[in-house]
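Input: a single structure, listed below in structure tokens.
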Amino acid sequence: MTETAAVDPIEILLAEDNPGDIRLTEKALESGQINNTLHVVNDGVEALSFLRGEGEYEGTPRPDLFLLDLNMPRMDGQEVLEVMADDDSLRRIPVVILTSSEAEEDIVDSYDRHANAYLTKPVNFEGFVDIVARIEDFWLTVVKRPPR
Amino acid sequence: MKENIRSERDADVARVDLFEGSREGILVHDEDGTVLDANEAARSCYGRSAAALRERAIGDLVVEDGAATDVSTLADQDRTVRWTVAVPDAPDRTLDVSVTRASSGDQLLSFATDVTQQLRREATLESNQKTLRRLHEIVSAREQTFDEKVERLLGLGRDWLGLSVGYVTHTEAETQTIESAIGDHDDIRPGAKAPLSESYCQHTLAANGDDSVRTIQSAADAGITDSEEYQRFGLSCYLGGQITVDGAAYGTVCFADTEPRERPFTEMERTFVDLLTQWLGMTIEQRNQTAARNRQRALLESVFNSQRTQVGITDTEGRVVDANEAAVDFVGKDPEELAGEFVWETPWFESERAQDRCKTAIERGLQGEITNFEISYEPTDGTEVVFSTNVRPVTSDGEVIHTVIEGHEITELRKREERLERLSSATNELLYTHTESAVASTVTAIAQQIIDRPIAAMWSYEESEDTLYPIGSTAAAAQFADVAVPKELPPMEPGSREKAIFDAGEAVVIEDYQTVENPAAPEVPLRTMFCFPLNDLGMLCVGSPVVEEFAESERLLLEILASTAAAALDRVRRESELQSRRKELERSNEALQEFAYIASHDLQEPLRMVASYVDLLETEYGDELGEEAREYMDFAVDGAHRMQDMINALLQYSRVETDAGEFAATETERVVQQTLDALQLRIDETDTTVETESLPAVRGDPDQLGQVFQNLFENAIRYADESGVDPRIEVRATRERETVTFAVSDNGPGIPAGMDEDVFEIFNRGTHEIEGTGVGLAVCRRIVRRHEGRIWVARSSDSGATIKFTLPAPTEVVE
């Protein structure tokens, strides 16, 4: 066993309504280098409950990285960003937008609401794996993250 | 002895020296006067050799009869005589001669001085002085007219100069007119005209400068015998000067002859002509001023006596000095009664207000100012009369000596002006109407209020039904037709008289409206109806319950109103058409934007699922699948990718409108360079050469222009490269007045015949064998069209493809 294995797994929250994309993300993370735990929620309301440890999410760990889709039912990604930016306890969580939208207004709005990165979903699986690997590399090894 | 002889010989030599060297002509005579010897000066004086003089009797040489030629007597008398002697082949000479007896006693010596030149100079001087005196006498003669003086001056000059003709010309519009002339020359007589280009005087006039006098001594010597002026007038010698009037060339004064002149013109002769030109210039100037003054006086006279204008003249206190007939008639008083009254206290000014204004105006007039004011009278019959009054000073040497007060009636004029003014301001209102009924109510209101025609209505033509429907009227018109609202007025249907007038397109007055069998308005109590078709848009009708003729001025006003109404209707219709087009355009733009959003989100999602899971399937189960299954999956992935490209292409196409930038003056060269930089990798990979010339600036959206060049370059590289040659791109441009035409050529396979139009359609590619989304040229066309330009395939004998397109030249010229 390496030293890394002894360390607590990295907690990742994925907010995504498309089961296909959830699955692809899981697959991509599985093939990655980092020991992680992926938590999945299907809309913005659930995402916020998770982040705050409310209701069924009581006692869940605070995520080290939040992968957020924009198009979701009930509450979309932009609204989630807005709430997080206004909440002192959530503001520091690194958020990476992972979406299929290439619309300029979505990109601008996201950064305006303090998203840390904006990535569009690649069209094929290989591309997807590559993107997730880069997220892992950058956010989970290169970057000094805020304390939990 | 020897010495004496020498001294005598020396003395002789000295004498001979003295004799030969003398500046006087010395002849040695015998007692009878026969010439024995002559010195050099004498030979010159008498114009003969010593041999020719010897043995001649002196009396033979002197030409005058009775001249004292007896030398021995002359010697005794010791006086000087004047001889005129004949000289062979030369004019006679005048000599002053004195005679003395030689010391030897038997010989006489005559001493002669040639005074010919001196006498001639004296004569000329005298003649000059005489001529100048005459000139002065003529010009200062009081009792003679200008024309008489000119004739006498020309006569004086002609005689003095010894030439046959003298004349004065006036030049106007390249034509020379002879105003005065003396002498016998067919073409030089008063009133004769000639083109300036065929006159001698053209050169005189052309020679601007101090020396404005031009001379020709001999046409042959001057080399002008081929000239047009010589051909026309045949004058061999000429002396002419320019007459300047009010600083401009007026014409010339000239003397001339058909024969050449023996001696050149002298300075004095030129001066004479110069003096003549100065006097003529000055006199003509004065004469013009006098004529203008006389004209002005006649004009004033007629103004003063005009029936239309009332004129009064006051003294420096404002008292009436004189008044014209019209003024006297108007107030109905005798001129004697008015004289001496303060002008503002005369019956011309009734009201206190009018009197005040008049008094103020007169006071100002006496200060040298001009005042205009209007006054109105209300005579007993109640019709207002308006006068425009003007008071102005009359000055002499800067002092005001009178004021003139002038009034003329402007009642009609004012009324017409007011109507026109109101009509024009009312028509301005029409500019702010946006519906047909608003146009109709404004137009009919104008007819009622301004042209005083309360019965007015307007119809609009509905093409689909070939019928005119009412769109508005005055209340009076509705009342006449017995309808509640204008919309209920009868339509003008095919077959009706009104519809026929509309079809004919000419304004018509129907004078028997009521009696006409009229299904449109059977019981309308209208007698006269004026119908104005408004082009093919509608009709304006103005009616009257009495039979009457429309006055010409009223007809004119109504015509103005009708044409304004037509223009307003036309504008309103265009506006509404434009409005609906704009809405349609907005809707289609919105749809496009919506599509773009859908394409970028929703359409991509399912596509990504297909592509990703086929990928995943291959990754995880590839080993378990057969070769054929993997091939199927390749097709599926390829299809998904193509679909993705097409969606992106569509998106790009739609963004031409939605992501449009502002137009600005754009340096095309920089845009092209940036595009080439962006494509550098591809250019290097494919060994592409690009040749561009100096490209003019254009007006456009720089980003989109870059897109156009990028798409064209990419196509050129791709097609040439795929066909196996090193791509070669040429960019050329020509600037016309308002557009710049660009040509991008390549050395690829070219565009197949019959595809010139198709290539610009979206998803339509030149050849299907080559990768591409088929959107590049479609985007180019959309961008070029957005710039109001044109794009097309240019055909030439060269292989490869040439795409040409136009873009607007910058509004400010960028050189």
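Heads up: the protein sequence lines correspond to chains A and B, in order. For the record, in the first sequence the residue sitting at position 102 is 102 according to the working numbering, with numbers rising by one throughout. For the record, in the second sequence the residue sitting at position 407 is 555 according to the working numbering, with numbers rising by one throughout. Each residue gets a CB set at the ideal place from its N, CA and C atoms; glycine is no exception.
By the criterion of at least three beta-carbon pairs nearer than 8 Å, the segment 815-830 of chain B is not in contact with the segment 781-789 of chain B. Around the beta carbon of H177(B), a 10 Å sphere encloses 16 or more other beta carbons of the protein chains shown; the residue is thus reported as buried.
Taking T248(B) as the centre and dropping the five residues before and after it, the same chain places the C-beta of A223, D226, L256, L257 and F259 closer than 8 Å to its C-beta, in chain order. Secondary structure in the segment 573-641 of chain B: the beta strand (DSSP E) runs of 3 residues or longer, each lying completely within the stretch, are 603-610 and 615-621 in chain order. The residue from R803(B), A845(B) and L486(B) with its alpha-carbon nearest to that of R818(B) is A845(B). At a cut-off of 9 Å, the C-beta of R756(B) has a neighbouring C-beta in chain A. Its chain contains I523 as the residues whose beta carbon lies nearer than 6 Å to that of A502(B), once the 5 sequence neighbours on both sides are disregarded; these appear in chain order. Straight-line spacing of the CA atoms in P956(B) and L925(B) works out to 19 Å.
H550(B): member of the beta strand (DSSP E) spanning E547 to E557, first to last residue.
Judged by beta-carbon spacing, D244(B) lies within the 9 Å limit of T261(B), meaning their Cβ atoms are closer than that value. Around the beta carbon of L751(B), 16 or more other beta carbons sit within 10 angstroms, so the residue counts as buried. Chain B has no Cβ within less than 9 Å of the Cβ of E82(A).
Leaving aside the five residues that flank D894(B) on each side, the residues in its chain whose CB is nearer than 6 Å to its CB run, in chain order, A864, A868, I877, G948 and A949. Each residue's CA atom was taken as its position, placing P754(B) and R23(A) some 14 Å apart.
Your pair S384(B) and P412(B) does not check out as a contact, with CB atoms roughly 14 Å apart and the cut at 8 Å. Interface residue (Cβ-Cβ distance to chain B less than 9 Å): G20(A) is classified as such. Contact residues of the segment 94-120 of chain A toward chain B are S100, S101, E102 and A103 (C-beta to C-beta distance below 7 Å). In the DSSP annotation of this structure, the continuous segment of the beta strand (DSSP E) that includes N36(A) starts and ends at N36 to V41. Look at M903(B) here: in three-state DSSP terms it is coil, with no helix or strand label. A605(B) and E805(B) have their C-alpha atoms some 46 Å from each other. Collapsing the DSSP output to three states places I461(B) in a strand.
For F128(A), the chain B residues whose C-beta falls within less than 7 Å of its own C-beta are S760, listed in chain order. Secondary structure at T950(B): strand, using DSSP grouped into helix, strand and coil. The three-state reading of DSSP puts K481(B) in coil, since its state is none of H, G, I, E or B. For D218(B) and D158(B), the gap between their C-alpha atoms comes out near 34 Å. Interface with chain A (9 Å Cβ-Cβ cutoff): V785(B) is included. In this structure, T583(B) is the residue among T583(B), T457(B) and S612(B) with its C-alpha nearest to the C-alpha of A715(B). Residues of chain A whose Cβ lies closer than 7 Å to the Cβ of D763(B) are, in chain order, N124, F125 and E126.
Of all residues in the segment 27-48 of chain A, the ones placed with a Cβ closer than 8 Å to any Cβ belonging to chain B are K27, in chain order.
Here DSSP, grouped into helix, strand and coil, assigns S275(B) to helix.
For L14(A), none of the residues of chain B pass the 7 Å Cβ criterion, the least Cβ distance being about 16 Å. For L799(B), the closest Cβ of chain A is nearer than 9 Å.
Residue nearest to A595(B) within the set T622(B), S585(B) and E611(B) is T622(B) (criterion: CA-CA distance). Using a Cβ distance threshold of 9 Å, V491(B) and A474(B) do not count as a contacting pair. Here P681(B) is near A655(B), since their CB atoms are less than 9 Å apart. Assigned with DSSP and collapsed to three states, W139(A) falls in helix.
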